[in-house]
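Notes for the one structure printed next.
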Amino acid sequence: GENVEQHPSTLSVQEGDSAVIKCTYSDSASNYFPWYKQELGKRPQLIIDIRSNVGEKKDQRIAVTLNKTAKHFSLHITETQPEDSAVYFCAAENDYKLSFGAGTTVTVRA
Amino acid sequence: DAGITQSPRHKVTETGTPVTLRCHQTENHRYMYWYRQDPGHGLRLIHYSYGVKDTDKGEVSDGYSVSRSKTEDFLLTLESATSSQTSVYFCATSSIQGAGELFFGEGSRLTVL
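Those protein sequence lines, which keep their order, are chains A and B.
Mapped onto the numbering used here, the consecutive letters of the first sequence carry residue numbers 36 to 145.
Mapped onto the numbering used here, the consecutive letters of the second sequence carry residue numbers -13 to 99.
Below you can see the structure in the form of structure tokens.
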């Protein structure tokens, strides 16, 4: 099955700075890579996703990049704000199922 | 949020007892999933369903069974709970298999003593 590794496990950034989370996956057949955000005590929610025919996708302050050759993808958050504090999960689709990374706890310091 | 509700939201039980968690959706989504969330492991797929009475195993299915008799309901059963099954359980639904957005329920926190 698919194996997704996510780094770092925790990330502390100053408000206004950028945050980058990186994930690698094992199965070259994977074609869909979503990112989920989970605020404390809440359910995970999709924030952005990318498919294998695209190298980069942006949505306001967040962006995702994909390198299929190297089998890694990254989430970039610019101009971080307190409401960006949460746990972020990357995932990769394989055989019609999603495999998730272990998560990154992002803390934005005021 | 999609109309996905889980019950119970919190449960404490003893080792060896059976437990059933219920997921109910009002979105008419064909695909339903049960995940467990544990520190350091992210979200791991237990079982999933691709239609009424159609289910399959995920990566951590041992000790769990599921049933789906109606589109809107997906039940997760622990036949004989163990302490290693202490976790937060999330149900999710989607209208597309695999490469589509998952809509999660609020989660069910299960503690097995």
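For glycine and all other residues, C-beta sits at the position ideal for the given N, C-alpha and C.
Checklist line | Check whether A/Tyr71 and A/Ile82 have beta carbons under 8 Å apart | finding: The residue labelled residue 71 of chain A in the question sits at position 36 within the first sequence. The residue labelled residue 82 of chain A in the question sits at position 47 within the first sequence. Yes. Within cutoff.
Next item on the list: Buried or exposed for A/Gln73, please, with buried defined as at least 16 other CB atoms from any protein chain shown within 10 angstroms of its CB.
Entry: For the purposes of this step, residue 73 of chain A is identified with residue 38 of the first sequence, where counting begins at 1. Its Cβ being crowded by 16 or more others within 10 Å, A/Gln73 is buried.
Check: Run through DSSP, which three-state label would A/Glu40 get?
Finding: By 1-based counting over the first sequence, the position of residue 40 of chain A is 5. It is a strand residue.
Check: Hey, how far is the Cα of A/Lys106 from the Cα of A/Glu91?
Finding: For the purposes of this step, residue 106 of chain A is taken as residue 71 along the first sequence, with counting starting at 1. For the purposes of this step, residue 91 of chain A is taken as residue 56 along the first sequence, with counting starting at 1. Roughly 14 Å separates the two Cα atoms.
Notebook entry, point to check: If we call anything under 8 Å between Cβ atoms a contact, is B/Tyr75 one with B/Gly93?
Noted result: For the purposes of this step, residue 75 of chain B is identified with residue 89 of the second sequence, where counting begins at 1. For the purposes of this step, residue 93 of chain B is identified with residue 107 of the second sequence, where counting begins at 1. Contact flag set, yes.
Check: So, is A/Ala64 buried or exposed, given that buried needs 16 or more other C-beta atoms within 10 angstroms?
Finding: If you number the first sequence from 1, residue 64 of chain A lands on position 29. It counts as exposed.
Notebook entry, point to check: Sorted by chain position, which residues of the same chain lie with C-beta nearer than 7 Å to A/Glu50's C-beta, five sequence neighbours on each side aside?
Noted result: In the first sequence, counting from the first residue as 1, residue 50 of chain A sits at position 15. Correct list, in chain order: Thr115, Gln116, Pro117, Val143, Arg144 and Ala145.
Checklist line | Simplified DSSP state of A/Gln116, which is helix, strand or coil | finding: Within the first sequence, residue 116 of chain A is the residue found at index 81, counting from 1. Note: A/Gln116 maps to coil in three-state DSSP.
Margin query: For B/Lys39, list the residues DSSP reports as bridge partners.
Written below: Residue mapping note: residue 39 of chain B aligns to position 53 of the second sequence, counting from 1. B/Lys39 pairs with nothing; no bridge assigned.
Check: In the DSSP assignment, what residue or residues form a beta bridge with A/Glu91?
Finding: Counting from 1 along the first sequence, the entry for residue 91 of chain A is found at position 56. Beta-bridge pairing links A/Glu91 to A/Thr100.
Check: Measuring CA to CA, which of A/Lys93, A/His111 and A/Asn102 is closest to A/Tyr123?
Finding: Residue numbering aside, residue 123 of chain A sits at position 88 when the first sequence is read from its first letter. Closest by alpha carbon: A/His111.
Item checked: chain A contact residues for B/Phe76, given Cβ-Cβ distances below 9 Å -> Locating residue 76 of chain B in the second sequence gives position 90, where the first residue counts as 1. Correct list: Arg78 and Pro79.
Check: When DSSP labels each residue in this structure, what does B/Gln71 get in the three-state scheme?
Finding: Counting from one through the second sequence, the residue named residue 71 of chain B turns up at place 85. Note: B/Gln71 maps to helix in three-state DSSP.
Check: What first and last residue would you give for the beta strand (DSSP E) that runs through A/Asn66?
Finding: For this step, residue 66 of chain A is matched to residue 31 along the first sequence. Element bounds for A/Asn66: n/a, residue is neither H nor E.
Notebook entry, point to check: Is the Cβ of A/Ala137 closer than 8 Å to any Cβ of chain B?
Noted result: Locating residue 137 of chain A in the first sequence gives position 102, where the first residue counts as 1. So yes, A/Ala137 belongs to the interface.
Notebook entry, point to check: What do you get for B/Ser(-7), buried or exposed, if any count of 16 or more other CB atoms within 10 angstroms of its CB means buried?
Noted result: Position 7 of the second sequence holds residue -7 of chain B. It is exposed - the Cβ of B/Ser(-7) has fewer than 16 other Cβ atoms within 10 Å.
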